[in-house]
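Student:
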Amino acid sequence: MVTFVVAHGAWSAGFAWRKMHPLMLKAGHRLVTPTYTGLGERVHLAHDGIDLDTHITDVTNVLFHEDLSDVVLIGHSYGGMVATGVADRATERLRQIIYLDAFVPRSGQCLFDCLPEAERKRRQEGAATEGDGWRLPPSPIPPDTAAEDVAWLMPRRHFQPLATFAQPLTLAKGETKLPRSYIYCSRTAPGDVFGQFSKR
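Residue numbers for the sequence shown follow the numbering used here, so the first one is 1 and each next one is one higher.
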């Protein structure tokens, strides 16, 4: 049995992976899907001090308190930022990182650094006009998402703390030496930014 831990995407939560649990169990594996502070069922904890380090700590704490080892860590979208930080802080608990349509930052980069300038400005303007200056409005759900999934998901999506996109990642150990894989989804919305990271 392999234990997979998911670092989920922005505006999302661990519950977004609920359909994967029975599939992974059937395949003989364990799937752990923690939710970041300030999102999903933890939205009541949201405040303007939540940053990328907060979310990295969320996942490293799960690894420690659940005493997980030999883990395959999956970083999806924004979760690539988180997974890269977790790999730096909890290297000894991981066997591999899988990036799934995810950002793959270098030390010193924040998520805004990984976006085209126009997209970065649009996000920042959205936070200023709709998010009280510290929250980012959600991105649209991909248009090919099933209607029943959209109906279920929409009320459960919440604004993302701005500092999670603005805080640079610091890697004390430099680029990870752990085995890495990248899954690049070829059917993507216009303005896709992940192709560049699939080549890293």
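Glycine included, each C-beta is placed from N, C-alpha and C at the ideal position.
1) Spatial neighbours of residue 29 within its chain, please: C-beta separation below 8 angstroms, excluding the five flanking residues on both sides.
2) Would you mind reading off the limits of the alpha helix (DSSP H) that contains residue 56?
3) Spatial neighbours of residue 51 within its chain, please: CB distance less than 8 angstroms, with the 5 preceding and 5 following residues excluded, ordered by chain position.
4) Which stretch, first to last residue, makes up the beta strand (DSSP E) that contains residue 102?
5) Check each candidate in 26, 84 and 63 and name the one with the smallest Cα separation from residue 33.
6) Below 8 angstroms CB to CB, which residues in the same chain sit around residue 101 once its five sequence neighbours on both sides are set aside?
7) DSSP on residue 171, reduced to helix/strand/coil?
8) Taking contact to mean 3 or more Cβ pairs, one atom from each stretch, closer than 8 angstroms, check whether the stretch 86 to 103 and the stretch 64 to 71 are in contact.
9) Using beta-carbon positions only, say whether residue 107 and residue 171 come within less than 8 angstroms of one another.
10) Measuring only the C-alpha atoms, how far is residue 99 from residue 7?
Tutor: This is what the structure gives:
1) In the sequence shown, the residue the question calls residue 29 occupies position 29. So the list reads 1, 2, 3 and 4, once near-sequence residues are dropped.
2) Position 56 of the sequence shown, counted from the first residue, corresponds to residue 56. 52 to 65 is the span of the alpha helix (DSSP H), which, as asked, contains residue 56.
3) Residue mapping note: residue 51 aligns to position 51 of the sequence shown, counting from 1. Same-chain partners within the cutoff: 161, 163, 164, 166 and 167.
4) Residue 102 sits at position 102 when you count from the first residue of the sequence shown. Element bounds for residue 102: 94 to 102.
5) Within the sequence shown, the letter at position 33 stands for residue 33. Here the closest residue by C-alpha is 63.
6) On the sequence shown, residue 101 is found 101 positions in, with the first residue counted as 1. Cβ within range, chain order: 76, 77, 183, 184, 185, 188 and 194.
7) As a first step, residue 171 must be located in the sequence shown, where it is residue number 171. Three-state result, residue 171: coil.
8) With a cut-off of 8 angstroms, the stretch 64 to 71 and the stretch 86 to 103 count as touching, because enough Cβ pairs lie within range.
9) Here residue 107 refers to the residue found at position 107 of the sequence shown. Here residue 171 refers to the residue found at position 171 of the sequence shown. Contact: yes.
10) Locating residue 99 in the sequence shown gives position 99, where the first residue counts as 1. Locating residue 7 in the sequence shown gives position 7, where the first residue counts as 1. Taking the straight line joining both Cα atoms gives about 10 angstroms.
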